[in-house]
Amino acid sequence: MAKLLYSAAASLDGYIAGPGGDMSWLTEHLTGPDPAAERLLANVGAILAGNRTYGGDDPNRGTDSEGAFGGRYHGPVFVLTHRPPVEPPPGVTFVGDLHSAVTQAREAAGEGYVNVLGADVARQCLRAGLLDEILILFTPVLLGDGVRMFDDSGGERVRLAPIPGESAHWYRVVR
143 MAKLLYSAAA SLDGYIAGPG GDMSWLTEHL TGPDPAAERL LANVGAILAG NRTYGGDDPN
203 RGTDSEGAFG GRYHGPVFVL THRPPVEPPP GVTFVGDLHS AVTQAREAAG EGYVNVLGAD
263 VARQCLRAGL LDEILILFTP VLLGDGVRMF DDSGGERVRL APIPGESAHW YRVVR
């Protein structure tokens with residue numbers, strides 16, 4: 143069964159987007175391949191994103207690198223939203239509840255990963271006990287404000303364990 147993995151590029155002070163969801167800060171840090179991101183991309187079978195992330199800012203907007211993984215991901219995408227478009231784009235499925243979205247994404251991913259994109263969906267998956275792994279790709283910048291990688295006021299403590307042989311910031315969720 144596919145594992146749910148939340149991956150994000152983050153500033154050293156814990157933000158995955160600037161104020162208002164701005165992703166332009168990331169452009170200058172997309173300078174070359176990252177071995178952990180390359181291993182993840184090779185194993186992603188589906189993407190599960192929140193509606194804000196799906197329709198939000200892309201540091202590569204308007205270029206050949208627009209989209210997930212610099213435009214290199216070409217597979218099923220599931221968007222968790224209560225406001226689906228009337229005519230969804232090809233390859234994108236809009237789902238109204240978390241458990242159904244996760245089930246559909248896992249089925250589509252097969253033995254690969256379901257890559258969770260978006261802080262809110264990641265928080266929901268974590269709270270529901272559905273998130274299996276977390277990969278954070280830190281960038282050398284302090285944003286000072288914006289969208290935190292995890293913002294769960296009143297949330298519970300979650301233990302993480304490093305995954306042997308992986309990046310220093312690739313963890314499994316300990317249950």
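Take 143 as the starting number for the sequence shown in this note's numbering and just add one per residue.
Where a beta carbon is used, it is the ideal one built from N, C-alpha and C, also for glycine.
Give the single residue among the options whose Cα lies nearest to the Cα of residue i.
i, options, result
"arginine 269", "Val315, Glu229 and Gly204", "Val315"
"tyrosine 215", "Gly238, Leu183, Pro231 and Pro230", "Leu183"
"leucine 190", "Gly238, Ala303 and Trp167", "Gly238"
"valine 289", "Leu259, Leu302, Gly233 and Gly296", "Leu259"
"leucine 302", "Gly286, Ile278 and Ser242", "Ile278"
"alanine 179", "Leu240, Ala210 and Ser153", "Ala210"
"arginine 194", "Arg203, Asn185 and Leu222", "Leu222"
"serine 166", "Leu285, Glu298, Pro177 and Val234", "Leu285"
"alanine 159", "Glu308, Ala243 and Asp287", "Asp287"
Who pairs with residue i in a beta bridge, going by DSSP?
i, result
"alanine 303", "Arg314"
"threonine 281", "Ser153"
"alanine 159", "Val289"
"glutamate 275", "Leu147 and Arg314"
For residue i, collect the residues of the same chain with a Cβ closer than 6 Å to its Cβ; drop the 5 residues on either side in sequence, then sort them by chain order.
i, result
"isoleucine 276", "Tyr148 and Tyr313"
"glutamine 266", "Leu240"
Please return the same chain residues whose Cβ sits closer than 7 Å to the Cβ of residue i, not counting the five positions on each side in sequence.
i, result
"glycine 252", "Ala144 and Gly187"
"glycine 163", "Arg194, Gly198, Asp199 and Val289"
Roughly how far, in whole angstroms, is the beta-carbon of residue i from the beta-carbon of residue j, given that I think they are within contact range, below 8 Å?
i, j, result
"proline 227", "phenylalanine 220", "Going by Cβ atoms, the distance from proline 227 to phenylalanine 220 rounds to 14 Å, so no, they are not a contact pair."
"serine 153", "threonine 281", "6 Å"
"aspartate 294", "glycine 192", "Wrong, their Cβ atoms sit about 14 Å apart, outside the cutoff."
"arginine 317", "glycine 254", "Between glycine 254 and arginine 317 the Cβ distance is about 21 Å, and since that is not below 8 Å, they are no contact."
"histidine 171", "valine 300", "Wrong, their Cβ atoms sit about 27 Å apart, outside the cutoff."
"glycine 204", "methionine 291", "At roughly 26 Å, the Cβ-Cβ gap does not stay under 8 Å, so glycine 204 and methionine 291 are not in contact."
"alanine 247", "valine 256", "4 Å"
"alanine 151", "leucine 168", "6 Å"
Enumerate in chain order the residues of its own chain whose CB-to-CB distance from residue i is below 8 Å, with the five nearest sequence positions on each side excluded.
i, result
"proline 230", "Phe236"
"isoleucine 305", "Glu275, Trp312, Tyr313 and Arg314"
Please check if any C-beta of chain D sits within less than 8 Å of the C-beta of residue i.
i, result
"serine 149", "Among the protein chains of the structure shown there is no chain D, as only one such chain exists."
Any chance you could list the beta strand (DSSP E) runs of at least 3 consecutive residues sitting entirely within the segment 235–267, in chain order? Runs of the beta strand (DSSP E) inside the segment 235–267: 255–259.
Which ranges would you report for the beta strand (DSSP E) in the segment 180–236 if only whole runs of at least 3 residues count? 186–192 and 219–222
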